[in-house]
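Below is one structure, written out as structure tokens; the observations come after it.
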Amino acid sequence: MSYQIRINKALESLKPSGIRRFFDIAAEMDDVISLSIGEPDFSTPWHIREEGIRSLQKGRTWYTPNSGLLKLRQSIAAYTKRHKGLCYDPNSEILVTVGGSEAIDLGIRTLVEPGDEVLIPEPSFVCYKPLTVMAGGVPVPIVTRSEDSFRLTPQALKNAITPRTKVLIMPFPNNPTGGVMRREHLEEIAK
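At position 162 of the sequence shown the residue is numbered 166 (our numbering), and the sequence of numbers has no breaks.
Pasting the structure below:
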């Protein structure tokens with residue numbers, strides 16, 4: 005019997021992002037400070053490493069609950085209430101992930117079914133398109149313009165919406181443009 009590994013066909017249409025290629029090039033060069041993937045160029049501070057060591061010494065090496073440690077979720081809820089005036093239930097409304105890309109992936113895979121359109125203001129962070137494709141969705145770019153400070157405009161959004169639209173990515177503040185949607189801009193979009 006012959007076994008042949010088949011890779012998900014959705015991967016065939018995806019190309020590595022330019023930022024990852026740039027990271028590989030910079031890694032081969034001397035005296036370069038790479039700003040390509042948002043990773044600091046210094047070691048983890050000692051007090052954080054010490055806490056990791058203490059946790060290992062105390063035997064805290066088990067898997068955490070799927071939604072994250074309750075104490076951490078409670079701290080996140082308290083922080084968002086104190087600093088943002090937002091109230092979230094740490095038992096049912098907060099999910100801890102290993103990073104922003106995982107959170108975005110989980111959100112897209114939770115909402116998108118094959119054929120659903122995902123509206124993505126462009127330029128944008130590199131993960132939205134491939135995560136949409138991997139979920140079976142159809143990425144629909146909405147070009148933002150420097151004249152609009154790279155904000156999503158109501159007209160551009162209206163022009164992009166179809167009966168198959170399921171998700172609108174709102175990547176603001178935007179990476180890489182720095183575009184920001186203020187309250188009045190968001191209210192215009194919501195109309």
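Using N, Cα and C, we set each Cβ at its ideal position, and we do this for glycine too.
Residue 169 sits in a strand when the DSSP states are folded into three classes.
Annotation: the continuous beta strand (DSSP E) that includes residue 143 extends over 142-147. Take the alpha-carbon of residue 14 and the one of residue 139: they are about 9 angstroms apart. Rounded to whole angstroms, the gap between the alpha carbons of residue 89 and residue 82 is 10 angstroms. Under the DSSP assignment, residue 32 falls outside any alpha helix (DSSP H); it carries neither an H nor an E label. With fewer than 16 other Cβ atoms from the protein chains shown falling within 10 Å of its own Cβ, residue 7 counts as exposed.
In the structure shown, residue 18 falls within a coil segment according to DSSP collapsed to helix, strand and coil.
Non-local C-beta neighbours of residue 77 in its own chain, meaning closer than 7 angstroms and more than five positions away in sequence, comprise 71, 94, 98 and 100, ordered along the chain.
At a Cβ-Cβ threshold of 8 angstroms, residue 141 and residue 109 do not count as neighbours.
Take the alpha-carbon of residue 91 and the one of residue 165: they are about 31 angstroms apart. For residue 18, the closest C-alpha among the options 133, 66, 58 and 24 is that of 133. Comparing C-alpha distances from residue 145 to each of 171, 152 and 34 shows the shortest one belongs to 171. Under the three-state reduction of DSSP, residue 49 is assigned to coil, being neither helix nor strand.
In the DSSP assignment, residue 112 falls within the unbroken alpha helix (DSSP H) covering 104-115. In this structure, DSSP gives residue 60 a helical state, which the three-state scheme calls helix. The beta carbon of residue 105 lies closer than 7 angstroms to those of 131 in the same chain, with the five residues before and after it left out. Per DSSP, the unbroken beta strand (DSSP E) holding residue 123 starts and ends at 121-126.
Note on geometry: alpha-carbon atoms of residue 79 and residue 45 lie some 28 angstroms from one another.
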